[in-house]
Amino acid sequence: MAEFVYPPVIGAALTAFRALDVRIKIIGAEHIPARGGAVLVSNHISYLDFLFAGLGAYRGGKRKTRFMAKDDVFRHRISGPLMRGMKHIPVDRTDGQPAYEAAVRALKAGEVVGVFPEATISRSFMLKKFKTGAARMAADSGAPLLPVVLWGTQQLWTKGRPKTLTKRHVPVTIMIGEPIHLGPGDKPVMVTRKLRAAMSEMLDRAQREYPGKPSGPDDTWWVPAQLGGTAPTLEVAEAEDEAEALAKAERRAARG
1 MAEFVYPPVI
11 GAALTAFRAL
21 DVRIKIIGAE
31 HIPARGGAVL
41 VSNHISYLDF
51 LFAGLGAYRG
61 GKRKTRFMAK
71 DDVFRHRISG
81 PLMRGMKHIP
91 VDRTDGQPAY
101 EAAVRALKAG
111 EVVGVFPEAT
121 ISRSFMLKKF
131 KTGAARMAAD
141 SGAPLLPVVL
151 WGTQQLWTKG
161 RPKTLTKRHV
171 PVTIMIGEPI
181 HLGPGDKPVM
191 VTRKLRAAMS
201 EMLDRAQREY
211 PGKPSGPDDT
221 WWVPAQLGGT
231 APTLEVAEAE
241 DEAEALAKAE
251 RRAARG
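For the sequence shown, full-length UniProt numbering assigns the number 1 to the initial residue and increments by one for each residue that follows.
Rendered as structure tokens:
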């Protein structure tokens, strides 16, 4: 069923991007493996990142990425059938083992599996701490890690900001790095550090070469603080994440 669902969704996304003149630039498409499993690892700065990260793999090698996503999305009456039809992988955050095992099976079957190792959107737009799940999946499946960095997507729709899905002429950079192959003795923690370092260099390049500029003093929110913008620093953003998580936990406890 996936092959009947995935292409029309990609086509609809591309039509919308063209209508808005989203100026997509893909760098490193030659690094997409033509066949076999791969763990596509992307930074996370927007609610639309799965579309753009998946587009990089699709345009680079006609590969369809099966993203791991929280199971709430699969229960939605509109997005649920689409997510299931495209064979994305639901993740129950209270018990992630079934999703992990499903991802490893997909990798061994030759699929590209998409992972956001930061787990949640980075409010600072810089890299947060990485979880080791992607490296463990690569080790258990024998598939390489495929680092992907996105930049510009935060201008369209990100955490704590209103949707601006009708904003026109936004440049979006999709940068794909060289695959990272694991050796027999590689430890997931060390591999994760290597992966994050590679993606940090890629993100720095994407930011330096990005053609977009704020339109004025009120449009600097999407630029990281360390680059002179008004986005929260990584430390402030982490504190906001912790406060949000605590508030959610308290609401769940109140509901019993």
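No residue lacks a Cβ here, since even glycine has one placed at the ideal position from N, Cα and C.
- Assignment of M199 by DSSP, reduced to helix, strand and coil, places it in the helix class.
- Taking the Cα of G54 as reference, the smallest distance to any Cα among A245, G80, T173 is reached at T173.
- Annotated three-state conformation of A99 is helix, per DSSP.
- The beta-carbon distance between W151 and Q207, rounded to whole angstroms, is 6 Å. This is short enough to meet the 8 Å contact definition.
- L156 carries a coil assignment under DSSP once its states are collapsed to helix, strand and coil.
- Look at R93 here: in three-state DSSP terms it is coil, with no helix or strand label.
- Close CB contacts of V112 within its chain, under the 6 Å cut and outside five residues either way in sequence, are with A38, L40, A57, R63, T65 (chain order).
- By the C-beta density criterion, G183 is exposed, having fewer than 16 other C-beta atoms within 10 angstroms.
- Within the UniProt domain "Phospholipid/glycerol acyltransferase" (38 to 153), the runs of alpha helix (DSSP H) at least 4 residues long that lie entirely inside it are, in chain order, 49 to 61, 72 to 75, 79 to 85, 97 to 108, 133 to 141.
- Across the structure, P147 and S141 are spaced so that their CA atoms are roughly 17 Å apart.
- Counting only residues of its own chain and dropping the five nearest sequence neighbours on each side, M202 has a CB closer than 6 Å to the CB of V149, M175, G177.
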